Amino acid sequence: MQERRQHKQPLYELFASIASALANPHRLELLDLLVQAPRTVEELAHETKLSVANTSQHLQRLKRARLVLDEREGLYVRYRLADPAVAHLWLELRAVAQQQLSEVDRALDAYRHKRQEFEPISANELQKRMRKNQVVLLDVRPQIEYEASHIPGARSIPLDELERRLKELPRTKMIVAYCRGPYCVYADQALERLAARGWKVARLEEGVAEWHLAGLPLET
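Numbered by the numbering used here, the letters in the sequence shown go through residues 16 to 235 in order.
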């Protein structure tokens, strides 16, 4: 019995190594970004407002746990998720936290303080309206994320380009925006600007990761 226990303990130590790698808010944000698209250390540092050195340290920790992989491209190193299961793990972690911790909703309200102002639209309803050509689906994430994968039929207008590209959007259709999922504020900011200018708007809470996890197709 004691010998069997000795063989069992290393299993839990390996499981704990994954949990330990995830037990840092900066590393979780890095994973969240890598769910959207592979990125260089410099791009990740820019997005997270961390130093390049600090970002690299966190990525190395994730790499040691085999949650991410790196590929050298000339002078740069690009990181990506090691497996789609890592994205699923991240989504499940979020779901458990939201279910078990009431503080998550309060923190989300503070971050997305206007999220209740926009009509939500489900994935099924969106697909129906898109087939009838009743809505325009807007992907307001950075272009690199759109190119990596996006919801079929979505137009790419990154948030920082929205003001100068308003003429591309028809006035006769509802504009539905999405970004990185329910914990991203880009779509709210886009819809706030559009609603102020008279467009009818709605928010798709799902991002590409949630869309894919639901068994729906993506385009690249």
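Every residue, glycine too, gets a C-beta built ideally from N, C-alpha and C.
If you're wondering where the values come from, they're calculated on a predicted model, not measured in any experiment.
Is the distance from the Cβ of residue i to the Cβ of residue j below 8 Å?
i	j	result
ARG93	THR55	yes
GLU234	ALA138	no
LEU184	VAL150	no
ARG156	ASP203	no
ALA52	ALA163	yes
ARG218	PRO135	yes
LEU82	VAL101	yes
ARG95	LEU84	yes
LEU45	LEU59	yes
ARG42	ARG76	yes
Please name the residue, chosen from the options, that lies closest to residue i on a Cα-to-Cα basis.
i	options	result
HIS165	GLY89, GLU225, GLU207 and CYS199	GLU225
ILE190	PHE133, LEU26 and ALA122	PHE133
ILE159	SER171, ALA211, ARG19 and SER117	SER171
GLU178	LYS188, ASN148, ARG212 and LYS147	ARG212
LEU106	LEU219, TYR198 and ALA210	TYR198
LYS143	THR63, PRO167 and ARG76	PRO167
ALA229	LEU45, ASP154 and HIS103	HIS103
GLU88	SER117, GLN115 and GLU57	GLU57
Please name the residue or residues paired with residue i in a DSSP beta bridge.
i	result
THR55	ARG93
MET145	Looking at the DSSP assignment, MET145 forms no beta bridge with any residue, so it has no partner.
SER171	ASP154
PRO40	Answer is none; PRO40 lacks a bridge partner.
PRO135	ARG218
ASP85	TYR94
Taking all protein chains shown into account, decide if residue i is buried (16 or more other Cβ within 10 angstroms of its Cβ) or exposed.
i	result
ASP120	exposed
LEU206	buried
VAL50	buried
HIS61	exposed
TYR161	buried
If you reduce the DSSP assignment to three classes, tell me which class residue i lands in.
i	result
ILE190	strand
SER66	coil
ASP98	coil
HIS165	strand
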